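Single-structure report; data block below.
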Amino acid sequence: MQAIQVGRPVDRSKDNAILLAARHLLSTQGVSSLSMEAVAKAAGVSKATLYNRFANRQVLIEAVLGSQTEFFSETLQQAGATTAESQQALIESSVRLLEFLLSDEQQCLMNVMQSGAEIGPELRDMMFAHGPAATFANNVAWLCKVEAAGQLHIEDKAFAAECLFGMLIGMDWIRGIFRQPPNRQPELIRAHVERVVQLFWRMFA
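Residue 204, in numbering that gives the first Met the number 0, is where the sequence shown stops; the numbers in between run on with no holes.
Quick look at the structure:
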């Protein structure tokens, strides 16, 4: 007997539209502009639809950061069967991360975060925990898997993950703070990442 479906199926396209709209508002206009009404309008959904999915603004921000972190770590779900496969997984993850960090939207968000004018300590801590800290933890966990597979030897995984991040972003993070254009233009990011991953692997092989 065929199961009877109750209610309408969840429209994932609306979820994506909401998260994209919220991320854009957060990055370009700051936290103060991220009202539920503004997000609903930008996403083209009703406020009822928005509240059915996200109870309040904090839950929505957590979802935005969580989806971004998941996107960065999507290729790092497990160590590859070979060193080449693991290296490629790290390259793809690092390209996604660096493209985001050097984007105009992220630079706008960093300017807002540095000003501190509209972000209280609780919200700042939450954004750090669900954003950079979660991404870092995912990288450390993946390095543990790669070492367990016998592809690298890393005594201090957190230190190694910090080394990787530092090599990836380099001086461009400082350039962004001073509102200088990054050296890593979009067309150069992949080549830079491949070079960094090869160097990282030699460091801990």
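Glycine included, every Cβ here is placed at the ideal spot set by N, Cα and C. Computed from a prediction, not measured in an experiment: that's the story for all the values here.
Since A39 contacts H23 with CB under 8 Å, what's their CB separation in whole angstroms?
That pair is no contact at about 14 Å.
Whether or not the segment 57 to 68 and the segment 166 to 173 are in contact is what I'm after, with contact meaning three or more pairs of Cβ atoms, one per stretch, closer than 8 Å; do they touch?
No contact exists between the segment 166 to 173 and the segment 57 to 68.
From what residue to what residue does the alpha helix (DSSP H) around R52 run?
Unbroken alpha helix (DSSP H) run through R52: K46 to R52.
If V192 sits next to V44, beta carbons under 8 Å apart, how far is it from one beta carbon to the other, in whole angstroms?
The pair is not a contact, with the Cβ atoms about 36 Å apart (cut-off 8 Å).
In chain order, what residues of the same chain have a beta carbon less than 6 Å from the beta carbon of E146, not counting five sequence neighbours either side?
Contacts found: I153.
Nearest-angstrom Cα distance between G209 and V139?
The structure shown does not extend to residue 209, since the chain is modelled only from 0 through 204, so no value can be given for it.
Q196: buried (16+ other C-beta within 10 angstroms of its C-beta) or exposed?
Per the sequence shown, residue 196 should be read as Val rather than Gln. Burial call: buried.
Within a Cβ cutoff of 6 Å, which residues of the same chain sit near L89, ignoring the five residues on either side of it in sequence?
Once the five neighbours on either side are set aside, the close Cβ partners of L89 are V196.
I need the boundaries of the alpha helix (DSSP H) containing I177, first residue and last residue.
The question names Ile, but residue 177 is Phe in the sequence shown. It is not in any alpha helix (DSSP H) - F177 carries neither H nor E in the DSSP assignment.
Put N137 into one of helix, strand or coil per three-state DSSP.
Reduced to three states, the DSSP call for N137 is helix.
Anyone know if the C-beta pair for E97 and L167 falls short of 8 Å?
Position check: residue 97 holds Leu in this sequence, whereas Glu was assumed. Yes, Cβ-Cβ distance for L97 and L167 is below 8 Å.
With the cut-off set at 8 Å, would you say I17 and R52 are in Cβ contact?
Cβ distance < 8 Å, so I17 and R52 count as in contact.
Identify, in the order they occur along the chain, each residue of the same chain with its Cβ nearer than 8 Å to the Cβ of K144, setting aside the five sequence neighbours on each side.
Within the same chain, K144 has close Cβ partners Q77 and A78.
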